[in-house]
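Undergrad: Residue numbers for the sequence shown follow this note's numbering, so the first one is 40 and each next one is one higher.
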Amino acid sequence: MDGDTWIGIDETQFVKLKNKGMYPVCIVGGCHNNQFNISLLNLLDIKNIKTTYYKSTWGPECWGWWLTRKTDGGTIATIANTGYGYGTPGAECLESKGRYMELQFFRSYSEGKDMLGETHASGLTYFLNKFPPLTNQVDSKIVEQWVLFGDPSLKIGGY
Numbered sequence: 040m041d042g043d044t045w046i047g048i049d050e051t052q053f054v055k056l057k058n059k060g061m062y063p064v065c066i067v068g069g070c071h072n073n074q075f076n077i078s079l080l081n082l083l084d085i086k087n088i089k090t091t092y093y094k095s096t097w098g099p100e101c102w103g104w105w106l107t108r109k110t111d112g113g114t115i116a117t118i119a120n121t122g123y124g125y126g127t128p129g130a131e132c133l134e135s136k137g138r139y140m141e142l143q144f145f146r147s148y149s150e151g152k153d154m155l156g157e158t159h160a161s162g163l164t165y166f167l168n169k170f171p172p173l174t175n176q177v178d179s180k181i182v183e184q185w186v187l188f189g190d191p192s193l194k195i196g197g198y
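Structure representation (structure tokens):
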């Protein structure tokens with residue numbers, strides 16, 4: 040990887056994924072991975088077709104749900120943004136915005152919180168404690184759009 044080449048994965052590659060019996064929790068940064076309003080019907084909005092295409096709202100399902108429901112090759116849960124994934128460039132990129140939010144899930148898990156819903160909620164709380172709600176609209180939006188697809192009563196790693 041050269042730092043300039045995009046190496047993302049999209050739904051067309053999901054058929055190749057194989058992990059029968061080993062279903063991870065996926066934490067993904069980026070934009071619109073768990074967006075709700077995805078539909079092939081969005082292609083009928085001819086006046087806005089360019090926007091529809093580039094915002095990727097024209098598929099049958101969003102990236103996160105597609106991965107979560109993939110049999111024998113997907114995840115047991117996916118946590119991602121329903122809208123724009125915000126970041127801060129530079130050396131401090133892990134200390135604010137979306138990258139900080141993503142890391143809080145792992146912080147919660149490392150502290151022994153192994154129920155999926157509790158781990159997710161605790162991560163949100165850590166973010167809110169560092170970036171109080173309504174102080175910054177972007178920080179508030181980050182929390183609002185950080186969505187879990189999966190069963191919150193799941194024990195991570197099993198029983």
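Virtual Cβ for every residue (Gly too), placed ideally from N, Cα, C.
Do Trp-185 and Leu-155 have their beta-carbon atoms positioned less than 9 Å apart in this structure?
TA: Against the sequence shown, residue 155 aligns to sequence position 116. Against the sequence shown, residue 185 aligns to sequence position 146. The answer is no: Cβ separation not under 9 Å.
Undergrad: Whose C-beta lies closer than 7 Å to the C-beta of Cys-132 among residues of the same chain, with five residues either side of it excluded?
TA: If you number the sequence shown from 1, residue 132 lands on position 93. The answer, listed in chain order, is Gly-126 and Arg-138.
Undergrad: Looking at the unbroken alpha helix (DSSP H) that takes in Leu-106, where does it start and where does it end?
TA: Taking the sequence shown and counting its residues from 1, one reaches residue 106 at position 67. That run of the alpha helix (DSSP H) goes 102-108.
Undergrad: Helix, strand or coil for Phe-75? Go by DSSP, reduced to three states.
TA: By one-based count along the sequence shown, residue 75 stands at place 36. In the structure shown, Phe-75 sits in coil (DSSP, three-state: anything other than H, G, I, E or B).
Undergrad: Using a Cβ cut-off of 9 Å (strictly closer), state whether Lys-86 contacts chain B.
TA: Considering every chain present, this structure includes no chain B. It has just one protein chain.
Undergrad: Let me make sure I understand the geometry here. Which of Ser-95, Val-177, Lys-136 and Pro-191 has the alpha-carbon closest to that of Ser-161?
TA: Here residue 161 refers to the residue found at position 122 when the sequence shown is read from its first residue. When only C-alpha atoms are compared, the closest one is Pro-191.
Undergrad: Pull up the distance between the alpha-carbon of Gly-47 and that of Phe-75, whole angstroms please.
TA: The count along the sequence shown starts at 1 and reaches residue 47 at position 8. The count along the sequence shown starts at 1 and reaches residue 75 at position 36. For Gly-47 and Phe-75, the distance between alpha carbons rounds to 20 Å.
Undergrad: Considering only the beta carbon of each residue, do Gly-200 and Gly-189 sit closer than 9 Å?
TA: The question about residue 200 has no answer here: the residues shown for the chain are numbered 40 through 198.
Undergrad: May I ask which residues mark the beginning and end of the beta strand (DSSP E) holding Ala-130?
TA: As a position in the sequence shown, residue 130 is number 91, starting the count at 1. Taken as a continuous stretch (DSSP letters only), Ala-130 belongs to no beta strand (DSSP E), as it is neither H nor E.
Undergrad: Please list, in chain order, all residues of the same chain as Leu-193 whose beta carbon is under 6 Å from its beta carbon, the five residues on each side excluded.
TA: Walking along the sequence shown from the start, residue 193 turns up at place 154. Answer for Leu-193: Leu-155, listed in chain order.
Undergrad: What does Ala-119 pair with, by DSSP beta-bridge criteria?
TA: Reading the sequence shown from its first residue, position 80 is the one you call residue 119. Paired residue(s): Val-186.
Undergrad: Hey, could you find the ends of the alpha helix (DSSP H) Ile-88 is sitting in?
TA: Locating residue 88 in the sequence shown gives position 49, where the first residue counts as 1. Where Ile-88 is concerned, the enclosing alpha helix (DSSP H) stretches over 88-93.
Undergrad: For Gln-143, I'd like the list of residues in its chain whose CB is within less than 8 Å of its CB, leaving aside the five on either flank, ordered along the chain.
TA: For the purposes of this step, residue 143 is taken as the residue at position 104 of the sequence shown. If we look at Gln-143 and ignore the five residues flanking it on each side, its Cβ neighbours are Ser-161, Gly-162, Leu-163, Tyr-165 and Phe-166.
Undergrad: Could you check which residue in Met-140, Lys-180 and Lys-94 has the C-alpha nearest to that of Ile-66?
TA: For the purposes of this step, residue 66 is taken as the residue at position 27 of the sequence shown. Here the closest residue by C-alpha is Met-140.
Undergrad: Answer yes or no: do Gly-113 and Cys-70 have a C-beta to C-beta separation smaller than 9 Å?
TA: The residue labelled residue 113 in the question sits at position 74 within the sequence shown. The residue labelled residue 70 in the question sits at position 31 within the sequence shown. Not closer than 9 Å, so no.
Undergrad: Among Asn-175, Glu-100, Ala-116 and Lys-59, which residue has its Cα nearest to the Cα of Ser-135?
TA: For the purposes of this step, residue 135 is identified with residue 96 of the sequence shown, where counting begins at 1. Measuring from the Cα of Ser-135, the nearest candidate turns out to be Asn-175.
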